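Protein sequence lines correspond, in order, to chains A and B. If you count by numbering that gives the first Met the number 0, then the first sequence holds residues 0 to 117, one letter each, in order. If you count by numbering that gives the first Met the number 0, then the second sequence holds residues 0 to 144, one letter each, in order. No residue lacks a Cβ here, since even glycine has one placed at the ideal position from N, Cα and C. These numbers come from a predicted model, not from an experiment. Below: one structure, written as structure tokens.
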Amino acid sequence: MTLKEIIEILDATVITPLGDEELNMDIRSACSADLMSAVLYYHTPNSLLITGLTQAHVIRTAEIAGIKTIVFVLGKKPDIYSIELAEEKKISLLSTSLCMYTASGRLFQAGLPGCLYK
Amino acid sequence: MPINIDKEIEGSFQIIGGNFVNAGEASTQLKLLLSKLGVDEEIIRRTAIATFEAEMNVIIYAAAGRMHYHITQQGISIKVDDMGPGIEDIGLAMQEGYSTAPDWVREMGWGAGMGLPNMKKNSDIFKIDSVVGEGTTIEMFINFP
Numbered sequence: 000m001t002l003k004e005i006i007e008i009l010d011a012t013v014i015t016p017l018g019d020e021e022l023n024m025d026i027r028s029a030c031s032a033d034l035m036s037a038v039l040y041y042h043t044p045n046s047l048l049i050t051g052l053t054q055a056h057v058i059r060t061a062e063i064a065g066i067k068t069i070v071f072v073l074g075k076k077p078d079i080y081s082i083e084l085a086e087e088k089k090i091s092l093l094s095t096s097l098c099m100y101t102a103s104g105r106l107f108q109a110g111l112p113g114c115l116y117k
Numbered sequence: 000m001p002i003n004i005d006k007e008i009e010g011s012f013q014i015i016g017g018n019f020v021n022a023g024e025a026s027t028q029l030k031l032l033l034s035k036l037g038v039d040e041e042i043i044r045r046t047a048i049a050t051f052e053a054e055m056n057v058i059i060y061a062a063a064g065r066m067h068y069h070i071t072q073q074g075i076s077i078k079v080d081d082m083g084p085g086i087e088d089i090g091l092a093m094q095e096g097y098s099t100a101p102d103w104v105r106e107m108g109w110g111a112g113m114g115l116p117n118m119k120k121n122s123d124i125f126k127i128d129s130v131v132g133e134g135t136t137i138e139m140f141i142n143f144p
């Protein structure tokens, strides 16, 4: 699923500037979590992170895990420091007014699987 | 593919307890170094996750700590020692989901009780030693393929 499709499905606002390369990025799985260790434990590379936390260490977690896109739920937006950090690390940030359950459900219904594996 | 380094590389990072703003900086720098050396992506990912979890533990629980790394043709060894409260029951702390983190740490997205299991999962060799009231030392080794 491309990032462009994800933006449409979640009716998401784009926080960091996105070019064609980012919009056409192929995302194959998603992970919904507010616990960063769970993200580090269960993620797969190039997955999408759906979270309600906006602090800078969420961006760091994504970078460490090789996650290229983060969607913040409930209309949340990170502070300017986190946005700049994301831009520096080439991580795309989106925000949706949907709650985590609905955002995850919509993407799953559209064919994006979860990233859980052990 | 084995990496090609002329000589062994070692260095260390100081980690300050409670400094959440720079949390992950040491692991990010180490990740960058491994990337420049041409280390396999999967090895870099495992190393970064293991060191990030160790770094977060120092930030969450300790006053200060140090992460030392040593890179050879065979792999990377990492030693993280801290001036923290120590762990009373290491066996319990190694169980997935067990955590002594306070609520404010959980609200920040940490303290899920996955940190130590995550370090062990991503290392080829994992050792932990802790003395209550003195601190904790974690040693990890990750083989290069």
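Length of the line joining the Cα atoms of Thr95 of chain A and Thr68 of chain A
13 angstroms
CA nearest to the CA of Gln54 of chain A, picked from A:Asp10, A:Met35, A:Asn45 and A:Cys98:
A:Met35
Starting from the beta carbon of Ala111 of chain B, find every residue of chain A whose beta carbon is closer than 7 angstroms, and list them in chain order.
Leu34, Ser36 and Ala37
Collapsed DSSP secondary structure at Lys117 of chain A in the structure displayed:
Per-residue confidence for Lys117 of chain A stands at a pLDDT of 40, beneath the threshold of 50, marking its modelled position as unreliable; no derived number is given.
Figure out for me which residue from B:Ser98, B:Met66 and B:Gly10 has the closest Cα to the Cα of Glu138 of chain B.
Of B:Ser98, B:Met66 and B:Gly10, the smallest CA-CA separation from Glu138 of chain B is found for B:Met66.
List, in chain order, every chain B residue whose beta-carbon is nearer than 7 angstroms to that of Glu62 of chain A.
Thr27
I'd like to know whether the C-beta atoms of Val70 of chain A and Ile49 of chain A end up nearer to each other than 7 angstroms.
yes
Met35 of chain A, DSSP secondary structure in three states:
helix
Here's a check: name, in chain order, each residue in its chain whose Cβ is nearer than 7 angstroms to the Cβ of Lys75 of chain A, leaving out the five neighbours to either side.
Gly51, Thr53 and Ser94
Step through the CB atoms of chain C and report whether any lies within less than 7 angstroms of the CB of Gly64 of chain B.
Protein chains A and B are contained in the structure displayed, whereas chain C is not.
Taking 7 angstroms as the threshold (beta carbon to beta carbon), is His42 of chain A in contact with chain B?
No, because no Cβ of chain B sits closer than 7 angstroms to the Cβ of His42 of chain A.
Sheet register partners of Glu138 of chain B (DSSP bridge):
B:Lys78 and B:Lys126
Using a beta-carbon distance below 7 angstroms, is Gly47 of chain B in contact with chain A?
According to the sequence as given, residue 47 of chain B is Ala; it is not Gly. With 7 angstroms as the cut-off, Ala47 of chain B counts as an interface residue toward chain A.
Measuring CA to CA, which of B:Lys78, B:Ile141 and B:Tyr60 is closest to Gly132 of chain B?
B:Tyr60
For the alpha helix (DSSP H) containing Gly114 of chain B, name the first residue and the last one.
Gly114 to Asn121
To the nearest angstrom, report how far apart Ala49 of chain B and Lys119 of chain B are at their CA atoms.
8 angstroms
Contacts of Ala55 of chain A in chain B (Cβ-Cβ under 8 angstroms)
Phe19, Val20 and Ala22
Under the three-state reduction of DSSP, which class applies to Thr95 of chain A: helix, strand or coil?
Assignment of Thr95 of chain A by DSSP, reduced to helix, strand and coil, places it in the coil class.
Can you tell me the Cα-Cα spacing of Ser26 of chain B and Val79 of chain B, whole angstroms?
In this structure, the CA atom of Ser26 of chain B is about 12 angstroms from the CA atom of Val79 of chain B.
Counting contacts by CB-CB distance shorter than 7 angstroms, is Arg27 of chain A in contact with chain B?
No, because no Cβ of chain B sits closer than 7 angstroms to the Cβ of Arg27 of chain A.
Whether Ile75 of chain B touches Ile141 of chain B by CB criterion (7 angstroms)
Against a cut-off of 7 angstroms, the Cβ pair of Ile141 of chain B and Ile75 of chain B comes out as a contact.
Below 8 angstroms, how does it come out for the region 33-49 of chain B and the region 9-22 of chain B: are there three or more Cβ pairs, yes or no?
no
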